[in-house]
Structure formats: C-alpha cells, structure tokens
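Chains as they are written, first to last, in my numbering: chain A, -12 to 633; chain B, 577 to 1044.
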C-alpha cells in the first residue's frame, strides 16, 4: 500500500529545500544552492514515479476500477460540527498523474536553471522560490479537502508572484508580478465564495463527501442545492460557476487571461514551469477534480466551461500569430492549449466512453506539459544565445544550436498535431470528443489547430532558418550539458508520451475503456496542420524577396510560377490581410484596449470617485452632526415606511 | 463575597492599576523611564490576572452586571491590546510630561469598556459607554503642542456628545414603549411597532458612531489624524473591539425578535461602510490616515460576520477582533516607531525602507498582509470566517460586494508593500534601533498574526465559548 511517510515526503522535500535555501542559502550554501534544490527535487520525483507505478500497476485498481484513496488525513480545524478543514493526501488517477508531471517538469527546470541562472546574484533565493512553488503545487494536487486546495492555490499564486517579480529592479517585471497577483486574486475570491456556497449546501469541505452528496439526486443536500436561489439559478450552479471563475483566473481563460503574457517578465525557466506546464493548468485540474458534480448535477455550468475554453483557444491562437516576442507567442499558445483542455472537459460526459473528453483533457494536459516546457526551455536557450526576446533579432540558428534546433522542432511538430508525436494523440481524442457532442466547438477546435500549426512554425522558421541573426556581443555554446539534458529528456516525452494508453489509466469514473483511433477522422486535422506548417514555410523559411521565390520555384518544387504567384497572393491575402489585419490586429487591440483597459479603468475610476467623496469630509463638526442626523432619520424612513409597507 | 468579587476581577484589577498610578503621580518625582517600567509590569500582571479564573459565570446587582467565559475572554483581548499599545508607544511616551495621566485616562476608558461589555441593562451600558469615551477625548489632546491635536479632542467630544444624545433618546423611547431597560426582559416586550423600530435605529446609531460605520463615520478622519498614534490605535482597535462585543450581546439577545430589521440595517450599512472606507483609503498618502480609513473598511467586514447570527456570528466576529488587534497594532506600532524616530509618515517616504530596516519592513508587511487577508496570515482566516458566517444567510450579493472590496483593499495595501520593497529612494529612512519594549510589542504582534491563523485551537476555543 501507500506509505504515509514517502507520500508526505513528496511535497515536504521541496519545502525543506525552500526553508534551507531561504534561511541559509545566501550565506552558507551559496553556489551549492542549486545542487541542494535539484537533489531534493530528484528525490521527490523518484518518490512520485514509484507512487505512480504503485498506484497504476500494483494496488490502485480494485475490481477493475481505480479507487480514490485517502492516504492521509489530519483534521486541522473543526469549523463547525461536521464541517472540518483537513490536511490530507488524496490519491486518484488525476492527482497521481499530476504528481508525475509536476515533479518531472520541476526537476527539468531545476537542472536547466543550474546553467541558465548561473552567476545570478540571488541564485539561492531563486532556488528557494522554486522549492516553495513546487511544494505548493504538489500540495494543491494532493489535496483531499476543498479548503486545503484553496490554501495551496493561494500559495501557488504567492510563489508565482515572487518568481515573476524575481528581477525586481526591472519595473516591468514588478508591474507584471502585481498584475498577475491582483487578477488571479480577483478570480480566487470567486473560488472562495464558490467554496462557501458549495460547502454551505453540502455541509462538508471534504472532496469525496462533497462529490458524493452533490451527485446523489435523492439526498437532502442535493434538493436544497438545486432549488433556484439567486437570479433564477440554483445555488449549485452559482457555486460551480464561481469555482470555475477561480479556475479560469489561474488557467488564463478569457477574459481573465490578461496577466499571462505579462508574466513572461519572469525568468524563462520559471515560465516553463509555472506559466506553461503546472500552475496554469491548475484550473483544468480543479474542474477535473469536481468533474462528477459538473457532469452529473449541473450540465449548464459545464456548457460555460466548454464555450469559455473554445473561445479562449481560438482567440489566443489568433493573437499568437501577431506577436513578435518569442515568449509572448508561447504564452498565447499556452492559453490556447489550455482552452483545448477546458472545452474537452466541457464536452465530456461522465462514465465510460462518455467520459472521453475528460480523459482527452487530462491526456492533453500531460502531453502539453512535456512539449510546452520543452518549447519554453528551448526559447530560453535561444534567448540566452542571442540576448534578445524579439524574433526579428533571430534567424539561422540551426547551425549554431543543433540540439536546441532538433528538440524545438520535435516540440513544434508535437503541438501542431503531426503524427506520431504526443500532441497528435491527445488532440485527436479531444477533437473526437468535441465532434460527438458539439459540432460548433469541433469546428472552432479544427480551425484553431490549423492556426496553431501556422504560428508555431512561423516561430520555428524565423528562429532557426531565414536570415542570419545579428549578433550582440560574443557567442558562447548552446549552454552546456545541464541545459541540454532537460531538453533531450523533455523531447523524448514530447515524442513518445502519446503512446501511453491514457484511457486505460485516467478516466472520469476510474473504469478503463478502449479507444479506437479512426484514421479517417484524423485526416482533416492533420491536413489542416500540415497546411499551416506549409504556409509558415513559404513565408518564413527564407528571407528571400519575390524574384528569389520565382527562381526557386522554376528550379523545381512548384510547377508553375504563375500558379505559385497566385497561391502566394491568396496566402498573403488570407494571412496578412485577413488574419493579421481583420482578425489578429483587432483581436490584439481588443485584448489590449478593452479587456486590459477595462481593468485599468476600474482602478482609475474608483480613484476618481474617492476624490469626489473627499468633499464630504469638510472638517466641520456641525456638518458632521447634520449628516449623522440625516443618516438616522433616513434609515428610520427606509425601515419604517419602505420596508414595512411591502 | 469572595466569589462576587471574583466576578468583577478584571474591573478591580484595572482600578487597582489606576490607583497605583495616581499615587505615583502625587509623588511626581519618579522618572519617566521608571514609571514606564512599573506601568508595563502592572499591565502584564493585569493581563495575567485576567487569565485566571476565566470560567466564572454569574450576575451582580440583580442582573445589571454579568459575566461569563466569553465576556472574560473579550476583556482579556482588550487587556492584551492595551498592553501592546503601551509597549509600542514607549518612545513617544518616554519624553511626555504627563505620562501617568496618559495611563490613568487610557485605563479609565478601558474600565468603562469592561462595564459596558458586562452590562445587563441599558443604564450600565450607557455609563460604561460614556466612561469609555470621555477620557479618550482628553487623550486625543495629548500631543499638547500641536493645534491639530486639540482640534481632534474638541471634535471628538462634540461628536460623541451629539451621538450620546441620540442614543439616550433612543433608550428613553425604548423604555417608554416597553417599560424595561433590562436586556433580559426586553425580547418578551418587543412588538416591532414603528416607534420601536425608530427607537432601535436611534440606539443603533450610537453603536454605529463608535464603530465609525458610514454615514456616522465623518468624525473619524479628523480625530484619527490629529491624535497621537497611540491614541489613534487605541480608538481604532480597542474601542472598536469593545463595541463589537457589546453590539453582539444586544443584537443577538436583547433585540433578537427584531432580527429582520437589524439584519437589513447591517446589510445596508456594511455595504456602504466597506465601499466608502476603501475609497477613502485608496487615496491616502499619510500612513496614519491610511490605516485609519482602512480600519473603517475593516468594520464593514466585521458587520458581515455579525449579520450571520448564531454561534458562527459570534465566534467569527470575536476571532476577527483578536486577529485585528495583532494585525492593526503591528502596523500602527511600526508606523509609530518610524514616526517617532524620523518624523516621517507618508507612504512616499517609506520607499526603500527595506534597505535600511529589513526587520521592521517585514513586520509592517506581515501586518499589512494580514489586514488585506492574504493567506496564510491570520487575517485571511479572520475574513474567511466572517464571510462564511455572512454566507449562512444566503445573501450572495453581500458576499460578492465584500469580495470586490477585498480586491480594492489588496491594491492599496500592496501599494505600501511595493514602496517598501521595490521602489528606490535616494535617502531612505535611517536605520531605527527601537527599545526592548517596542521590539517585544512587535514580536508579539507578528507571532500573534502567524499563530492565531495557523494554530486552530484558538478558533475552536472561541467557537466553544460563543454561546449565550
């Protein structure tokens, strides 16, 4: 069975690393800080892997169903009779999967940072924060209690704040950190109220009891929860929607996504860990955790999840086409891919084959963690090499950075859904689930997958092909073995993770089911993906002007100069005129002006109102007394005449 | 006999300390340092005395004065707060001409609060309220050479006289319609007639004034700004805490039959208070004013907890006051220390504080985080319990507004933290070396903020006490 000690050590080792490095790192360990942090993570990752092996292949399955196992439960605070806040460890397919993802990616980032962050002044502080983050994230995924998950949820937010603001002498980093913190806090309050609503209805904070009480249509809790409460919706719906708002904030779903692109001000390995592979999928995890309630008791809330996810996926993909900062492209791409995971949950049902979307979402979460972390770390290596984030400063790097080039290409192919790489399999399952449940969302997803392939290869070709880059300063190699090893390991994940039989392991109700890959179904998305790649190839592979294009086409690859010219024009029109100007630019403008502007306006207008109210404060006591009396009489009138007369 | 004296042990202990101080004053030869040593020792004893025999329950003077474990606990909280204020004001008091008077007045006010909390009828309640208010008006004037300080005292006494008048009017009408001033008899005689509702509202304004609930809060800004920081923190923490306690007793017990009226009243006023308090706090540049206005907003949150009713209503409000004492006094203490050493009070002058005073910066940051309700500080749990209590009535509008206000407050608390840690300053405030008293006070505050949140028996103890 599961050893409490070894399970507890999984999150506690990173915490220990945080405490050691945070307290003594600067003075005692200095340059060994990285080794200590990495060592702790290595042990933690080893324990996670053995737990996963144990759970999935040895003792997790009883009668063919994966069990939810509460391995540890300490009652921490008895809030009122029956409602207690526990600190516990819950093992089920998704939490075990997340353990592996978090520790593995975190380990990669720890190793990578040994090279990337070398020579930083606050090297040990950096590793301390990484430890804190990993601890919080592990605590989050293992939570057995909805309140416990909230506490770790906030801790994750705090450590993300610290890491985004790591370069605190850069004003943009400080602003980004603050923005991320406030926007996600806003969403978190939704989550908090959601917790209050759900726990008030179910009289428990424990996940298992909560799910059990709110999915049984005959229970008394359920009856009170589905009665219309406010604005015609039941309190169950409100609770779930509010919880989803919390999840949408962390997972950067529209319109709460505005913090994610700015969060790229943090060190690049941090972006790989937090803003690509782990923290940002916490929202997906949360919906997954409460999935039975969503699917069985409240399909309406699930619809919201589906449409928010689908819209975010398309919206972010379009914006990604217009960005020139390499990390921002990846940030929008992350948002788009998380949108996939969200709507996959949204179109899913509960149990057996109906739960295909759920399985696909978790599958995609897993594969995405591999290839997106790989993309970010690769981007980090590139930035390290050319000392710039701008795509325009890059080009022709394939000769200078062969390993980065190959691994980056694998990741791009994986995200574009080219078989047989990881992204292909998970995306196919998602599309299949969408196809069966909602044709509109399927259409959006299909289009998005084409755009995804286009912007990823735009990125790839601009960085590694095209014109030679203009060098700033002296060159060094790709970054040594500590930076290359994680890239290679992750690229193995991105290449082969698709062959893991997820439907046998992670399903909505714990029962394995069979999936069949329909080859005919895959043709459309793969073709679209290849088209996207092809368009990117035409535009960005070489820096040639039109005459060069014609000459190259005459020499062989394309049959007719005229024909090619015509196609080029159409491509040019569609991509530059239609996508860039008609869709991309307005979308980017909308994002920047309306969504961002609204939030800023909120701040400035509340300042204005406060300026207005200041005039009330005249400093004259007589006036205060007059207001006092007016207040008393006013309240008297309201309560005697208005409220009693109704 | 002995038992009856024990019922009033907190009051007797405070009275004893007051008399000792008066004797010291008559001698008038003792140096300020020695007096402060004696006072702080006495206050520590006073806190200790409060913690013995906490389980005594009983009534005196045919129900006019009563006590139980919850009331004893509330008094202990106020005792601790007073001790903290004394410790944190060391630097300011050390050079003050009228040192013993300061403590005599402050403790008299505390004594008034004790009687008020223990009161079983309106008469004792009113006497206690006045005894707690009038000495504070004198205290407001304790920055004697500053004109602002005397102005604050005048405004305080005028406003509270006005408020007392209205309150008394309410009490007299309540007596006129029911024929009783006893809290215990009142519920049976309440009929909910319009006259009773109106007299209840007048009574309510008395509490609202003291708690600086909008629209009865206007005196707060001027008084808080003009008074010495020690007095401001006494007003905004101890005084408000005591009113919250008696507010709970009267609403939940004496006015239980009018539950719907006071629920709506509190709902309305808590929304107004949170919004106005936050809007004011947003623009403040002076730390003292900033903390004062943010404390108005905090009261709005307490009202949410009170609106819940029942055991959760009591326990969440009392718990929040406990948290609030540590958080707000921690913040006030740090501000006061900086102010008495450097004379600087604006947020701008706090820029780069971390470079010169790292420990003090952390104390202030932890206190502000707790006030903003960021986990894992105690302030987060305090706010959470308040919201949870409010949510029991199913009023999600109120909870939503509260949540939005928490965001706004987060913004301005972070503004200070940003100035301290992230902004550069050519001439940051020089390194400050506080005395052992101030250090002890700040350490207690920080430990309190961390322990009260993370160590759950605190809440469980309060929850167990929270029955009438």
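Even for Gly, the Cβ is constructed at its ideal location relative to N, Cα and C.
Look at residue 502(A) here: in three-state DSSP terms it is coil, with no helix or strand label.
For residue 700(B), the enclosing alpha helix (DSSP H) starts and ends at 698 to 716. Judged by beta-carbon spacing, residue 409(A) lies beyond the 8 angstroms limit of residue 304(A), meaning their Cβ atoms are not closer than that value.
The three-state reading of DSSP puts residue 999(B) in coil, since its state is none of H, G, I, E or B.
Only 950, 951 and 952 from the region 929 to 954 of chain B bring a Cβ to less than 9 angstroms from some Cβ of chain A. Using a Cβ-Cβ cut-off of 8 angstroms, residue 1035(B) counts as an interface residue toward chain A, since at least one Cβ of chain A sits closer than that to its own.
Residues of chain B whose Cβ lies closer than 8 angstroms to the Cβ of residue 157(A) do not exist, since the nearest Cβ in that chain is about 10 angstroms away. Measuring C-alpha to C-alpha distances from residue 885(B) to each of 919(B), 840(B), 911(B) and 906(B) identifies 840(B) as the nearest. Residue burial annotation: residue 35(A) is buried, with at least 16 other C-beta atoms found within 10 angstroms of its C-beta.
A straight line joining the alpha-carbon of residue 501(A) with that of residue 522(A) spans about 36 angstroms. Contact check for residue 877(B) and residue 978(B): beta-carbon distance about 6 angstroms, within the 8 angstroms limit, so the pair qualifies. With its beta carbon less than 8 angstroms from one in chain A, residue 773(B) belongs to the interface. A direct Cα-to-Cα measurement between residue 348(A) and residue 240(A) gives close to 15 angstroms. About 6 angstroms separates the beta carbons of residue 627(B) and residue 652(B), which is inside the 8 angstroms limit, making them a contact pair.
Under the DSSP assignment, residue 643(B) falls in the beta strand (DSSP E) whose first and last residues are 641 to 643.
Distance from residue 899(B) to residue 965(B) at the Cβ level is roughly 14 angstroms; contact not present, criterion being Cβ atoms closer than 8 angstroms. If you check the CB distance, residue 895(B) and residue 1031(B) do not come in under 8 angstroms.
Across the set 482(A), 511(A), 338(A) and 474(A), the C-alpha of 482(A) shows the shortest separation from the C-alpha of residue 354(A).
Taking residue 383(A) as the centre and dropping the five residues before and after it, the same chain places the C-beta of 451, 452, 453, 454, 455 and 456 closer than 8 angstroms to its C-beta, in chain order.
In the three-state reduction of the DSSP assignment, residue 766(B) falls in the coil class, being assigned neither a helical nor a strand state. The beta carbon of residue 903(B) does not come within 8 angstroms of any beta carbon belonging to chain A, so the residue lies off that interface.
Taking all protein chains in view, the Cβ of residue 661(B) is crowded by 16 or more other Cβ atoms within 10 Å, so the residue is classified as buried. Against chain A, a Cβ distance below 9 angstroms from residue 894(B) picks out nothing, because the smallest value is about 15 angstroms. Ranked by Cα distance from residue 761(B), the first of 1024(B), 593(B) and 639(B) is 639(B). Contact of residue 225(A) with chain B is assigned, a C-beta pair being separated by under 8 angstroms.
When 58(A), 147(A) and 190(A) are compared, the shortest CA-CA separation from residue 207(A) is found for 190(A).
In the three-state scheme derived from DSSP, where H, G and I count as helix and E and B as strand, residue 1042(B) is classed as coil.
Not flagged as an interface residue toward chain A: residue 729(B), since no C-beta distance is shorter than 8 angstroms. Of all residues in the region 610 to 630 of chain A, only 611, 612, 614, 615, 618, 619, 622, 623, 626, 627 and 630 come within less than 7 angstroms of chain B when Cβ atoms are compared, listed by chain position. Residue 1000(B) is not a Cβ neighbour of residue 920(B), given a cutoff of 8 angstroms. Taking C-beta atoms as the reference points, residue 89(A) and residue 128(A) count as a pair closer than 8 angstroms.
By the beta-carbon neighbour count (other beta carbons within 10 angstroms, threshold 16), residue 629(B) is exposed.
CA-CA distance, residue 807(B) to residue 788(B), rounds to 16 angstroms. Of all residues in the region 639 to 670 of chain B, none comes within less than 9 angstroms of chain A when Cβ atoms are compared. Excluding its 5 nearest sequence neighbours in each direction, residue 727(B) has C-beta neighbours in its own chain below 6 angstroms: 802, listed in chain order. With respect to chain B, the C-beta atom of residue 161(A) has a partner C-beta closer than 8 angstroms.
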